[in-house]
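*Asks:* Residue numbers (this note's numbering): 3 to 293.
This is the structure, below, for whatever I ask next.
Rendered as structure tokens:
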């Protein structure tokens, strides 16, 4: 997918950006930027796209994105952006000085930056230590801002509770018309995944013939549109399974699959688990005493 270059606004007389957002600017276009991004989702639900990964997001998620890693967040259908609250830190790799990265005591930081190129989901003690620092850094001034960032980097560099998100790092450039076309495809798919979507339907959204659309989408995303649609549907099924309010057979049809066996086959292919195994794994993480 070719993302849109985003110029991160960094105020004068500051070396990096940190903001606490509660407005409608969350999750707009598929984009990239040279800054690393530390993203703490205080509240909100929906689907996130990071590199070649499509997954759900929910309250409390903490993620580190590397340089130029394409990404976007889409809030849950029907929810207003005011239902989302997030703290985001943007910083260039050398924002604390190029010399810092060359110091022998700081050897772990360049290694962290390299791992972050594929996106990192932060869990456990690392997450518990970083969140208070991010909250404090929002209003910190002068040296306290730098100390907060350096403290966060220390925790991340030494952490073992980091889960890689994307399978590979990719860097692309795009023009505005291409960005608009791809975001139309994203928006249409997320709004209509419950229904039968024909190639003619989605090709018309992209203002292309079917053959041209299939070639275009495969070139941009390295996957077929059908594979993309299945991943969206499975991500929504995962959300329903976690909520644990509907039977698996009901979830199958709610997510746009036309028969249960087809749903089970695709779910296993995408997640490498059955729906029951996925639900048990999640329930064990959140409440092991219930298993």
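Glycine residues also receive a C-beta, built at the ideal position from the N, C-alpha and C atoms.
In this text the structure is predicted, and so the values were computed from the model without any measurement.
With 16 other CB atoms within 10 Å as the buried threshold, where does residue 2 fall?
*Replies:* Past the boundaries of the shown model lies residue 2; the chain is included only from 3 to 293, so the question cannot be answered.
*Asks:* Check each candidate in 186, 67, 245 and 199 and name the one with the smallest Cα separation from residue 158.
*Replies:* Closest by C-alpha distance to residue 158, out of 186, 67, 245 and 199, is 67.
*Asks:* Who pairs with residue 165 in a beta bridge, going by DSSP?
*Replies:* 123
*Asks:* Please report the Cβ distance between residue 201 and residue 187, rounded to the nearest whole angstrom; I am assuming they are in contact, meaning their Cβ atoms lie under 8 Å.
*Replies:* Contact flag wrong, Cβ pair sits at about 12 Å.
*Asks:* Which whole-angstrom value describes the C-beta separation of residue 210 and residue 133, a residue pair presumed to lie in contact below a C-beta threshold of 8 Å?
*Replies:* Incorrect: roughly 44 Å between the Cβ atoms, too far for contact.
*Asks:* First and last residue of the alpha helix (DSSP H) that includes residue 237?
*Replies:* 227–245
*Asks:* DSSP state of residue 133, grouped into three classes?
*Replies:* helix
*Asks:* What separation, rounded to the nearest whole angstrom, lies between the Cα atoms of residue 171 and residue 15?
*Replies:* Interpretation of residue 171 is limited by its pLDDT of 48, a score under 50 that renders its predicted location unreliable; the figure taken from the coordinates is listed afterwards. Each residue's Cα considered, the two are about 32 Å apart.
*Asks:* Mind reading off the beta-carbon distance from residue 77 to residue 86? Whole number of angstroms is fine, and I expect it under 8 Å.
*Replies:* 6 Å
*Asks:* Taking 8 Å as the cut-off, does the stretch 16–25 touch the stretch 119–128 (at least 3 CB pairs, one atom from each stretch)?
*Replies:* no
*Asks:* With residue 58 as the anchor, note down where its beta strand (DSSP E) starts and where it stops.
*Replies:* Looking at the DSSP string, the run of the beta strand (DSSP E) that includes residue 58 is 55–59.
*Asks:* Measuring straight from C-alpha to C-alpha, what distance separates residue 91 and residue 166?
*Replies:* Distance from the CA atom of residue 91 to the CA atom of residue 166, rounded to whole angstroms, is 19 Å.
*Asks:* Does DSSP put residue 35 in a helix, a strand or coil?
*Replies:* coil
*Asks:* Using a Cβ-Cβ cut-off of 6 Å (strictly less than) and excluding sequence neighbours within five positions of residue 232, which residues of its own chain qualify?
*Replies:* 268
*Asks:* Which whole-angstrom value is the C-beta distance of residue 102 and residue 108, which I expect to be below 8 Å?
*Replies:* 6 Å
*Asks:* My output table needs one value for residue 51: the three-state DSSP class, helix, strand or coil.
*Replies:* Note: residue 51 maps to strand in three-state DSSP.
*Asks:* Pull up the distance between the alpha-carbon of residue 236 and that of residue 106, whole angstroms please.
*Replies:* 45 Å
*Asks:* Can you tell me whether residue 243 is buried or exposed, with buried defined as 16 or more other CB within 10 angstroms of its CB?
*Replies:* buried
*Asks:* Have a look at 37, 33 and 24 and flag the residue whose alpha-carbon is nearest the alpha-carbon of residue 182.
*Replies:* 33
*Asks:* Mapping the DSSP letters down to three states, classify residue 18 as helix, strand or coil.
*Replies:* coil
*Asks:* With a threshold of 16 other CB atoms inside 10 Å of the CB of residue 121, please say whether the residue is buried or exposed.
*Replies:* buried
*Asks:* In the DSSP assignment, what residue or residues form a beta bridge with residue 45?
*Replies:* 87
*Asks:* Can you tell me which of 271, 184, 221 and 147 puts its alpha carbon nearest to the alpha carbon of residue 93?
*Replies:* 147
*Asks:* Pull up the CB-CB distance for residue 281 and residue 246, whole angstroms please, since I reckon it's below 8 Å.
*Replies:* 7 Å
*Asks:* Could you round the C-beta distance between residue 95 and residue 69 to whole angstroms and report it? I think they count as a contact, below 8 Å.
*Replies:* 7 Å
*Asks:* Suppose contacts are defined by Cβ-Cβ distances below 7 Å. Is residue 276 in contact with residue 234 by that definition?
*Replies:* no
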